[in-house]
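Shown next, in structure tokens, is the structure this report addresses.
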Amino acid sequence: MDDILSSILSPGTFNQMLRSATPVALAALGGAMTEHAGIMNIGMDGMILMGAFFGVWGSYMFQSAGMGILMVLAMGVLVGLFFALFTVQFRSDEFIIGTALNTFALGLTSFLSRSIFGTAGTKGNPALPTIHIPLLDRVPFLGAVFNDNSLFIYLTWLLVLAAWVFVYRTPYGFWLRAAGEKPETLRTAGIQPEKMKWLASILCGILCGLAGAHLSLGQLQGTFAENMANSRGYIAFACVIFSAANPSKAYLAALMFGFFDAIGLRLQDYISSDLTNIIPYAITVIMMVYVVVRGQQRRRQGHRVKAT
Amino acid sequence: MKNRDKGSYFASLALSVLLAFAIGAVILAVAGFNPVQAYAAMVDGAFSNVRHVGDFLEYAMVLCICGLACVLGSRVGIFNVGGEGQLLLGAIAACQVGVVMNGQSKWLVLPCAALAAMAVGGFYALIPGVLKVKVKVNEVITTIMLNTIAASFCQFLAKGPWKNPNRNMVAATGQLDPQYWFTTLIPSSNLSTAILIAAVMAFLTWYIMQKTAVGFEMKLTGQNPRFAFFSGIKTDKIVILCMLISGAMCGLVGMFRVYGVEHLYRSSISNQYYFEGLTVAMIARYDPVTVILLSFFFAILKIGAQGMELSAGVPNQIYLIIQTVIIFFMAAENGIFTSVQAGAQRKKARAALARKEEQSHG
Amino acid sequence: MRDTAVKFEHISMAFPGVLANDDVSLEIQRGEVFALVGENGAGKSTLMNILYGINTPTDGRVFIQGREVERFDPKTAIGLGVGMVHQHFMLVPSFTVAQNIVMSREPRRARFLFDNAKAEALTQALVEEYGLVVDPSAPVEELGVGLQQRVEILKTLFRGAEILILDEPTAVLTPQETDELFAVIRRVVKERSMTVIIITHKLYEVMAISDRVGVMRKGRLVGVKNTSEVDEKQLASMMVGRPVLYDQLQKTGSPGEELIRVDDLVVRDNRGLKAVNGLSLSVRAGEILGIAAIEGNGQSELLEAITGMRAPESGRITVRGQDVTGRSPGDIRAVGLAHVPEDRLSTGVSRSASVSHNLLTGKHREGRFNAFGFHQRTSTIQRYAQEIYDRFDMRGAGIDATVGDLSGGNMQKVVIAREFSFDTPVLVIAQPTRGVDVGAIEFIHTRIIEKRNQGCAILLCSADLDEVFRLSDRIITIYEGRITGEFTSFSKEEIGFRMTGTRQGEGEST
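Protein chains in written order, with my numbering: chain R, 9 to 316; chain F, -11 to 350; chain A, 538 to 1047.
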């Protein structure tokens, strides 16, 4: 038992927490944008998968991880435009488009992967370097947690801050939130709310793409595997809901996911990995229920009718 | 749907399918395949052999029941995205019943297995259903999470406690005694007598939804739950009941896959089949008859694509691409159509006004 | 001769299937208060939306302060000095007053950052300049409707409006708030020589505030008068297109046994506040009890609790002698109650279903509509629906039409027809004629009185005070969830006073 505990509380667990949380956090930042703009975005899983694949593809084609990232950024913009074209321009059902986008991404990446690499996945392409901070390794526990990580982990912190400032401290953030909360307000002020929705959608495409790139180029050293997003897009969506689309709170929610994911990985030495895989997903369901119930208790509703 | 709507629906569906194949052809060409050869191989893959026909009929059954399960949920305003998990759990439960009851009469084992599959699938759908109704938790997230949980859990059972005694089988449960298998209708194909049960299920689902007072209440609940509740309908009960039945149907599909095709549980029981059924339901705009019809079309596409992969070396995922492109077109069709229509009506209104003015001046 | 502020030249506006404005020409002078009156759907809001750039007219020209409008969008209109206070406020509830007011012209620091302190300072300056007191840092969702309207007016002033359009501004205000609003209007007109256009259908307000009045009917401008030269009666005939004379409604019979009884009821609203706070009432057979209250004083929650749409926190509700406290709407309907809800769109109909299905709802389990108890008899249902359709004189697209496509009046008739055809001894009716044209109003009123004369106990609630006066046998006033007065002889002044004030000796609220 002590064995298990010390293994769980090792710096490795917390380092793993950061790594697992990062793709979810990046996607959740994107989801926060669309959520504020009033678009229900359940297509993030597909967006992540596209990012993961095109990152590896770019890296493979140009033999450079940097080019992979450029490719991801370009695809992110495209995917965001595509998503907005349907949800904003054509006013299609967001649920249908999101679900279809996920399946489309799964089909496209698997198809291309098999066509290009001949197999369902690929390994060993140029990956992103890890960042070594010179003096940090002298610090006992924290050094092992925070040092020698993929660039993305540090980048995510910056992006969380930037997203928070953008949403709550710039005029554009006010427009973004107005576009979601009461679009007519913006329209009568002379700003087209649709523009903000397009913007949110593109930002979401980029951020989800980066999340995918972190999975394939950062965390897994240039590897693509079929369906490697593995429902992280949905977990990110859950994080968006937990946090009421507040970027910093969304990051905390993602960290929590990362923590349980890391614990699961640690426990694999003791329990079947099939069971430990369940942990983060089960926690997500439990959190989902907890957040909603707490919200309701706060308001002490006497209302009996569904808000659907 | 009214007949006129149906006509325009099928017209835009046909157009979407054509466009999707065209886009598929472009993707094939970009990836270095000859689209004409690939599509020819696809047709071959579905029809060249009576065995393939059996396979696609079996797959149409899977798509149809999964699609109808999804329609049942959407009818009352709840999206059962968790059918995959319900299907897997139903499959493994039904399988284990057959393994444990080995030696008993098949007239006892098969009903027990079916009941187990429906109970487990239904119960698993009940969780998100109750959470949605009583706590108002978004069912899309919970069902997706429950899918992953179910898949991992079944994998655990198949590798651990319920593992096949044969050491070479890595992640599979024990095999069923051949006396319990559904009779194969077309030799060496996947098609079994299960399709007869499925046909009855499909008919009943359609009948209840479209022709009965309960179906009427379901429709009202989905259209405007507040109005339904106001009118005295027990909306909570009806939503939970539909979710239960939806899950039971998915569980039963799992049983069909085990007793009709695989004869044991392993992860190939379903490879995201429920999601393909859900896609069919979306393209059919949740209309039960259209779901049944389209199931055959997409089953042919899928089995054809698998044949194409074997004969022409084209990855079968082109099937998923074509299918989702059809959804995109169908989902956007309304948006494109209404914007074009609004423009036309505006023009017409202007013209009418101009005529009127001419008359008043002249 | 004063200069022209706004000039419409031969404006026509066609929407699919309807000509909302038909060759309207109108000039409005700088520094006047111009009232635009007309029934629902007469085209007043459409015309004003054109002025504010939300709609582009199909035909015709608009001049603002002498300049022709070439591009119809709100930005251009705002630039030309037009401000509009919409009937449904254009405010983001979670933003503060200041954040709402500066929207689209946010003060910035470091080029990209929103300067909240400056936004609040600017708002405060505006507040002081015009004497419209409101806290700049308060979130809008915490303000009452009167204050929200004030924020809307400040917003238009902040944007430099010289022409102010007010769309049905008094619909949600108390009489006191209306007086305050009118004082503000007079002040800005006098001191800043602003032009105010006020859309309304309350004729006594037209008389009270406007210099000139324009009357619209079916998309046409049928007359422009100096307010001092007309009276309410003349305006009413112009609006409707014929002399308006309300038939005296024939009330017969006398009250019988008590059918609705509410004891010491407490109900919370969606925000968890006590909307109904210790309220008791009783309605007897053959009588109409009218509720007079300003929107948001708990009357909605009261009716929802009685009909089972909302669970009460404490107290007791009895319908026909049976305790129905906290029961479901279905259970309460079974006791013998039918309910015309206040919001027909969200509660009263299924918009995507047909007229016949909407009429069938609630009766769909009855034996005559189901063979073997489960198979729906389509032809019987159609025949039944057609019969009701004819009886309630719904001139629309027929029983197979989708309810969402019907006009407000016909949609309301669907609701009334369905609820009245249950033939229940108890009726709870909220806003029976909201958004309904005059012809349909008369029809609906006659039906309600018919039900009363047949011996129904009717609880009636309406935002239209005249309607409450016309139909009720007895009136109670409700303020902040409590009854503040009960009347059998009606005096508008006294009832108005009780609607806005607390009862003597009871000042506290939740």
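All C-beta atoms in this analysis are idealised placements derived from N, C-alpha and C, irrespective of residue type, glycine included.
Please read these numbers as outputs of a predicted model, since none were measured by experiment.
Query, Result
"As an exercise, report each continuous alpha helix (DSSP H) stretch of at least 4 residues that is fully enclosed by the stretch 186 to 267 of chain R, in chain order.", "191 to 196, 201 to 221, 240 to 250"
"Beta-carbon separation of residue 59 of chain R and residue 67 of chain R under 8 Å?", "no"
"Note down, in chain order, every chain A residue with its Cβ under 7 Å from the Cβ of residue 220 of chain F.", "866, 867, 870, 899"
"Below 8 Å, can you find three or more Cβ-Cβ pairs linking the stretch 651 to 661 of chain A to the stretch 632 to 641 of chain A?", "yes"
"Residues of chain R with CB closer than 8 Å to the CB of residue 636 of chain A, please, in chain order.", "182"
"By the 7 Å beta-carbon criterion, what residues does the stretch 189 to 221 of chain R contribute toward chain A?", "189, 190, 192, 193, 195, 196, 197, 198, 199"
"With a 10 Å radius around its C-beta and 16 neighbouring C-beta atoms as the bar for buried, classify residue 218 of chain R as buried or exposed.", "buried"
"Chain F partners of residue 803 of chain A, CB-CB under 7 Å?", "By Cβ distance, chain F contributes nothing, its closest Cβ being about 22 Å from residue 803 of chain A, past 7 Å."
"Do residue 289 of chain F and residue 310 of chain F come within 8 Å of each other at the CB atom, strictly closer than that value?", "yes"
"Closer than 8 Å between beta carbons: that is the criterion. Which residues of the stretch 290 to 310 of chain R meet it against chain F?", "290, 292, 293, 296, 297, 300, 301, 304"
"Quick one: grab the DSSP three-state call for residue 151 of chain F.", "strand"
"Taking only beta-carbon positions, decide if residue 611 of chain A is within less than 8 Å of chain R.", "yes"
"Among residues of its own chain, excluding the 5 on either side of residue 95 of chain R, which ones have a beta-carbon nearer than 6 Å to its beta-carbon?", "47, 102, 105"
"Helix, strand or coil for residue 907 of chain A, going by three-state DSSP, please let me know.", "strand"
"Measuring alpha carbon to alpha carbon, tell me which of F:321, F:206, F:191 ends up nearest residue 222 of chain F.", "F:206"
"Kindly provide the ranges of any beta strand (DSSP E) runs that are 3 or more residues long and lie completely inside the stretch 541 to 601 of chain A, ordered along the chain.", "541 to 552, 555 to 566, 570 to 575, 596 to 601"
"On the criterion of 16 or more Cβ atoms from any shown chain inside 10 Å, does residue 14 of chain F qualify as buried, or is it exposed?", "exposed"
"Tell me the rounded alpha-carbon separation between residue 875 of chain A and residue 952 of chain A.", "11 Å"
"Out of F:232, F:308, F:126, F:269, which one is the CA nearest neighbour of residue 293 of chain R?", "F:126"
"Go ahead and label residue 203 of chain R buried or exposed: buried means 16 or more other beta carbons lie within 10 angstroms of its beta carbon, across all protein chains shown.", "exposed"
"Taking C-beta pairs closer than 7 Å, name the residues in chain F that residue 156 of chain R reaches, listed in chain order.", "The premise fails here: residue 156 of chain R is roughly 30 Å from chain F at the closest Cβ pair, so nothing lies under 7 Å."
"Hey, how far is the Cα of residue 716 of chain A from the Cα of residue 746 of chain A?", "10 Å"
"First and last residue of the beta strand (DSSP E) that includes residue 800 of chain A?", "795 to 805"
"Of all the residues that make up the stretch 296 to 322 of chain F, which are near chain A by a beta-carbon distance shorter than 9 Å?", "none"
"CA-CA distance, residue 1044 of chain A and residue 767 of chain A?", "Because the pLDDT of residue 1044 of chain A is 38, which lies under 50, any placement of that residue in the model is unreliable, and the number read from its coordinates should be weighed accordingly. The alpha-carbon atoms of residue 1044 of chain A and residue 767 of chain A are separated by roughly 43 Å."
"Taking all protein chains shown into account, decide if residue 42 of chain F is buried (16 or more other Cβ within 10 angstroms of its Cβ) or exposed.", "buried"
"Answer yes or no: do residue 793 of chain A and residue 573 of chain A have a C-beta to C-beta separation smaller than 8 Å?", "no"
"Using beta-carbon positions only, say whether residue 78 of chain F and residue 240 of chain F come within less than 8 Å of one another.", "yes"
"To the nearest angstrom, how far is the alpha carbon of residue 133 of chain F from that of residue 11 of chain R?", "30 Å"
"Check residue 859 of chain A in the structure and name its three-state DSSP category.", "strand"
"What does a CB cutoff of less than 6 Å around residue 854 of chain A pick up in its chain, not counting 5 residues either side in sequence?", "799, 843, 861, 862"
"Residue ranges of each alpha helix (DSSP H) run of no fewer than 4 residues wholly in the stretch 602 to 648 of chain A, ordered along the chain?", "611 to 616, 634 to 638"
"Any beta-carbon of chain A closer than 8 Å to the one on residue 204 of chain F?", "yes"
"Classify residue 278 of chain R as buried or exposed, calling it buried when 16 or more other Cβ atoms lie within 10 Å of its own Cβ.", "exposed"
"What residues in its chain sit with their C-beta under 8 Å from that of residue 304 of chain R, if we drop five residues either side in the sequence?", "none"
"Leaving out the 5 sequence neighbours to the left and right, which residues in its chain are closer than 6 Å to residue 45 of chain R when beta-carbon positions are compared?", "184, 187, 188, 204, 205, 208"
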